[in-house]
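Working notes, beginning with the structure itself.
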Amino acid sequence: MNRIIKFLLMVFLCFTNILLAQKGYEVVAKVTTQAPDMSGIAVSSDNRIFLGFPRHADNHKQFALAEWVNGKPVPFPSDDYVYPSDKPCKEWLVSPHGMYIDQNDILWVLDDGKRSGQKEIPVGAAKVVAIDIKSKKIIHSLVIDKPVLSDDAHYNDLRVDLTHGKNGTVYIANSGFGERYSLVVIDVATGTAKEVLLNHYSTSPDPGFMCFLEGKPLIYNFKKQTFPNGGADGLALSPDSRKLYWTTISGRKLYSLPTDLLSDLTAREQQLKDAIKCEGEHPACDGLAEDESGTIYFGAFEQQSIISRNNDGSYKLLARDSENFVWPDGLAYRNGYVYVTLGQWNRLPGFNSGQDLRKPPYLIVKIKVDN
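According to our numbering, the sequence shown is numbered sequentially starting from 156.
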């Protein structure tokens with residue numbers, strides 16, 4: 156009997172893998188130990204996978220950052236740094252969101268500093284942390300302080316440009332917990348931060364935005380939120396670091412700015428506004444990823460798909476799964492694959508009259524792309 160059960164189980168797993176392969180992706184991880192689901196993801200040059208577990212929707216007591224090792228999440232870089240603490244907020248990760256690994260395999264983590272149930276973002280909680288993944292040493296901790304810091308800000312995604320500034324420049328998308336939407340620029344060498352394009356049309360939700368989520372039509376309403384929404388969210392950096400792209404989570408326009416101008420902390424606001432380029436429409440999405448050829452990858456939450464945009468502005472469907480691609484969230488490209496954290500943020504109680512509709516496990520998949 157045991158042999159029969161094992162045989163049937165093996166057949167089932169083989170059949171499941173065939174179906175997943177037909178859908179165009181491979182499951183690399185199933186996460187069940189955290190609440191809520193993971194968001195940010197970054198992949199190193201040797202395919203090490205790092206995951207962020209923010210606390211803005213659920214003030215959980217588990218670790219906030221982990222490396223996926225041998226089929227399980229391992230706190231990274233240390234327990235002391237990623238579990239909740241009574242220490243000053245600048246000394247531990249409060250709520251990591253966007254993540255990025257630069258060309259030197261340095262892991263950059265964006266801590267939005269927000270915990271569910273707490274209106275205030277304490278000084279020191281919102282920051283950008285750079286970690287050497289080989290030594291596990293923190294080499295930069297750039298605190299976002301007032302007047303740039305706002306309790307209504309949601310620091311969502313980041314990119315690191317090593318071609319501007321003595322030690323590089325960080326670009327941050329602020330999608331807003333309140334009605335405050337912008338980009339933030341930080342000079343790594345000095346830690347000086349500047350907020351730009353505050354509540355500009357390019358960083359704000361589109362008026363009257365509506366979308367379909369799991370077949371249900373929904374309309375953006377800040378005062379009565381029924382799905383994840385906000386302003387500037389996904390970021391992508393061109394291969395030569397000369398152009399930054401961004402999207403809004405409640406919008407369908409792709410915008411860009413030259414980094415020569417954006418990285419200049421002395422540039423006037425009107426100069427930035429005049430230089431913004433609309434790059435056309437895109438599928439409504441959360442996170443972005445980019446590769447060395449300039450292709451940008453989108454997690455299209457309405458179509459429950461992963462889509463690529465080529466340099467000529469054309470789009471291509473890479474993978475689709477109406478059952479598992481509930482809310483494609485964090486994306487990362489590495490070595491010919493796009494990695495995606497498949498969140499279920501639209502199923503949170505706050506969007507569903509107090510009902511928690513999430514169904515663990517939370518998947519991480521990778522998709523082979525043709526460059």
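No residue lacks a Cβ here, since even glycine has one placed at the ideal position from N, Cα and C.
- The segment 367-380 and the segment 441-451 do not touch, with fewer than 3 CB-CB distances between them shorter than 8 Å.
- Around the beta carbon of D213, 16 or more other beta carbons sit within 10 angstroms, so the residue counts as buried.
- Relative to A387, the option among R423, S330 and R397 whose CA is nearest is S330.
- Under the three-pair Cβ rule at 8 Å, the segment 207-222 does not count as touching the segment 511-523.
- Secondary structure remark: continuous alpha helix (DSSP H) runs of at least 4 residues inside the segment 435-508: none found.
- Setting aside the 5 residues that flank it on each side, M365 is surrounded in the same chain by I374, each with a C-beta closer than 6 Å to its C-beta; the list follows chain order.
- Around the C-beta of E222, 16 or more other C-beta atoms lie within 10 Å, and the residue is accordingly described as buried.
- In the pairwise beta carbon analysis, the segment 299-308 is classified as touching the segment 272-284: at least three pairs are separated by under 8 Å.
- Rounded to the nearest whole angstrom, the C-alpha separation of I286 and M254 is 11 Å.
- For V249, no alpha helix (DSSP H) segment is defined, and its DSSP state is neither H nor E.
- Inclusion of I196 and Y494 in the CB contact set at 7 Å is warranted, their separation being smaller than that value.
- Spanning the alpha carbons of W247 and W263 requires a straight line of approximately 14 Å.
- Contact check for T402 against G385 fails: the beta carbons are separated by 7 Å or more.
- If you compare the alpha carbons of F208, Q258, Q459 and V224 with that of H252, the shortest gap goes to F208.
- Look at the beta carbons and you see the segment 466-477 not touching the segment 418-431: under three pairs across the two are nearer than 8 Å.
- Inclusion of D300 and G320 in the CB contact set at 7 Å is not warranted, their separation being larger than that value.
- Excluding residues up to 5 positions away in sequence, F218 lie with their Cβ nearer than 8 Å to the Cβ of D234 in the same chain.
- Going by DSSP, D415 is part of the alpha helix (DSSP H) stretching over T414 to L417.
- Note: F205 is bridge-paired with A197 and E222 in the DSSP secondary-structure output.
- Assignment of beta strand (DSSP E) within the segment 306-349, counting only whole runs of 3 or more residues, yields 310-316, 324-329 and 337-342 in chain order.
- In this structure, Y310 places its C-beta atom within 7 Å of the C-beta atom of A281.
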